[in-house]
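Chemist: Once you've had a glance at the structure underneath, I'll fire off some questions.
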Amino acid sequence: MATADHVDLEGFIAGVKRRNPGQDEFVQAVQEVAEDIFDFIQDKEQYHEYQILRRIAEPDRVVSFRVCWEDDKGAIRVQRGWRVQNNNSIGPYKGGIRFHPSVTESVLKFLAFEQTFKNSLTGLPMGGGKGGANFNPKGKSDHEVMRFCQSFMTELYRHVGADIDVPAGDIGVGAREIGYMFGQYKRITNQFTGVLTGKGLEFGGSLIRTEATGYGAVYFLKSMLENVGQGIEGKTAVISGSGNVATHAAEKIVQLGGKVLTLSDSEGFIHDPAGIDQAKIDWVKVHKTKRRGRISDYVKEFPGATFHGGGARPWSVPCDLALPCATQNELDGEEAKTLVKNGCIAVSEGANMPTTLAGVHVFKDAKILYAPGKAANAGGVSVSGLEMSQNSARISWKEEQLQGLLVDIMAGIHSSCVEYGGSAGTKHIDYVRGANIAGFKKVADAMLAYGVV
Ligand code: NDP
């Protein structure tokens, strides 16, 4: 059979760029994965013959739709919504919904592509998808958010289902938004099924889902450190973001004896040299989710801290550990160099693709411990997968059981990365390579089994 996929890496990336004009985030995500996969499949003819990488880098479908809603002043507003269903070779599409003004088709395609590998790494039967809208929940009333969520679901419901596609939360979509969307799904379909995860505990949600992504990113960091005979205790950590992932990552660092120095939002970062302890983290959680406040207010509450505005990012603060937990491309090549120069020994990505390709190369070249988001932040989708299992079986597991499963899943992902990211003659683990190859292999082998579909 012809081996048309035998192009080189440059040729492959040129093709991805040509087919996806203006979709920079998507091209970046594919490039990062392709750099490792090309090497891995070099001598594996079947993967070439069946164009596996090319097919994974072409979403199964992208649904785009209009979302109309009425604001509190009676004005009609129009937003754009999407659901990207990237690949369902190993299970129903699964991935969050993001509401943020920066959402574009490119951002959601990159997230759905990454999600395919991440979900594979968890070992659970979940394919990759992602959705969202260019809606800004900031400054909107509860009723405005409710009307938007209902309008969004009024179209989305046709494309999702417990065995088809199971969305969850992401930036701008938390328990409140999931509640409104699930309520509308139930109303339209007259079905109570596990069509969304991250639900409230009263209506089919799972314990520890809220904490899982941030906790998981720290469990992964702990495994990387233990692998080189170190631990979190006594180390300083710089964290970006102040949402769900950032606050729970901070909480777990503190529980394990580390000291958290920073948190941030899109306006800037706060630096608290005394350390952001549990009481301060609790204040941030309430301030961000209940009061919908800004991180700059932290310094009024805790005067020992300083706020650095103008969208400043925290990577210039010297630290042992760095956890980017806000958004994509929030840590560039220069900032990566600064972290390495200041003695940072490990980076664990709570956010999706927070490091630019130049930054990734800095970390790889410096051979520091560097966990990409698709491995480090997989704890959230893992517990979402466990929420799906509980919904199917109509049971609720206890907290200890779920905590144990999360720890096991993160340890399993770490082992997979070590298996595929190690190389002969050195103890260094390339976690990016390990995650890309381990995530790819399972999906690729399932695709081979299905033939050309
Ligand atoms: P939240 O909405 O709870 O918090 C997002 C945080 O990031 C806020 O502090 C926000 O600040 C900041 N932020 C958002 N956009 C930007 C921007 N353009 N520049 C600077 N800061 C920004 O989201 P999550 O904590 O849930 O998600 C954070 C990251 O983790 C995302 O990359 C997400 O995809 C990823 N992730 C989340 C999972 C989950 O379970 N929630 C699972 C796996 C990954 P502001 O308030 O100013 O917008």
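Every letter in the sequence shown is one number past the one before it in my numbering, and letter 388, counting from 1, is 393.
The beta-carbon is built from N, C-alpha and C at its ideal position, and this holds for glycine as well.
All figures in this text were calculated on a predicted structure; none of them were measured in a lab.
1) Where does K49 fall in DSSP's three states?
2) Hey, is I332 close to ligand 1, as in C-beta under 7 Å from one of its heavy atoms?
3) Assuming M229 contacts Y185 (C-beta within less than 8 Å), just tell me the rounded distance between them.
4) Quick one, which of H53, F208, G136 and A117 has its alpha-carbon nearest I400's?
5) Can you give me the start and stop residues for the beta strand (DSSP E) that C73 sits inside?
6) Would Y224 pass as a contact of M415 if the rule is Cβ separation under 8 Å?
7) Taking V322 as the reference, give the member of F307, G348 and C330 with the closest Cα.
8) Could you pull the start and end residues of the beta strand (DSSP E) that W1 belongs to?
9) Flag I250 as yes when its Cβ comes closer than 7 Å to any non-hydrogen atom of ligand 1, and as no otherwise.
10) Excluding the five sequence neighbours on either side, which residues of its own chain have a C-beta within less than 6 Å of the C-beta of I193, listed in chain order?
11) Between the segment 323-330 and the segment 80-100, do three or more beta carbon pairs fall short of 8 Å?
12) Just reading off the beta strand (DSSP E) that A138 is part of, what are its end residues?
13) Do you know whose CA, among A381, L344, S389 and K379, lies nearest V367's CA?
14) Hey, does G384 have any beta-carbon neighbour from chain D nearer than 8 Å?
15) Taking DSSP's pairing of strands, which residues face L374 in a bridge?
16) Does the structure place the segment 444-455 close enough to the segment 388-407 that three or more beta carbon pairs sit under 8 Å?
17) Skipping 5 residues on each side, what residues in its chain have a beta carbon closer than 7 Å to that of G101?
18) Can you tell me the Cα-Cα spacing of K123 and K78, whole angstroms?
Modeler: According to the structure shown:
1) Residue 49 sits at position 44 when you count from the first residue of the sequence shown. Residue state, collapsed to three classes: coil.
2) Numbered from 1 along the sequence shown, position 327 holds the residue referred to as residue 332. The residue you asked about is not Ile; residue 332 is Thr in the sequence shown. Yes, ligand 1 has a heavy atom inside 7 Å of this Cβ.
3) Indexing the sequence shown from 1 puts residue 229 at position 224. Indexing the sequence shown from 1 puts residue 185 at position 180. Contact flag wrong, Cβ pair sits at about 38 Å.
4) Position 395 of the sequence shown, counting from 1, holds the residue named residue 400. Checking every option, the nearest Cα to that of I400 belongs to F208.
5) Position 68 of the sequence shown, counted from the first residue, corresponds to residue 73. Start and end: R66 to E75.
6) Residue numbering aside, residue 224 sits at position 219 when the sequence shown is read from its first letter. Residue numbering aside, residue 415 sits at position 410 when the sequence shown is read from its first letter. A contact, by the Cβ cut-off of 8 Å.
7) Counting from 1 along the sequence shown, the entry for residue 322 is found at position 317. Per the Cα distances, G348.
8) For residue 1 there is no data in the structure shown, the boundaries of the chain being 6 and 458.
9) As a working note, residue 250 is residue 245 in the sequence shown. In the sequence as presented, Ile is not what sits at residue 250; that position holds Val. Yes, ligand 1 has a heavy atom inside 7 Å of this Cβ.
10) By one-based count along the sequence shown, residue 193 stands at place 188. Counting only Cβ-Cβ distances below 6 Å, and skipping sequence neighbours, we find Y162.
11) no
12) Working through the sequence shown from its first residue, we reach residue 138 at position 133. It spans G133 to A138 - the beta strand (DSSP E) in which A138 sits, taken as one unbroken run.
13) Position 362 of the sequence shown, counting from 1, holds the residue named residue 367. When each option's Cα is compared against that of V367, the closest is L344.
14) Among the chains of the structure shown, chain D does not appear; only one protein chain is present.
15) Numbered from 1 along the sequence shown, position 369 holds the residue referred to as residue 374. DSSP output for L374 lists A351 as bridge partner(s).
16) no
17) Within the sequence shown, the letter at position 96 stands for residue 101. Closer than 7 Å at Cβ, skipping near neighbours: K135, P172, A173, G174, D175 and V178.
18) For the purposes of this step, residue 123 is taken as the residue at position 118 of the sequence shown. For the purposes of this step, residue 78 is taken as the residue at position 73 of the sequence shown. When rounded, the distance between both Cα atoms is 42 Å.
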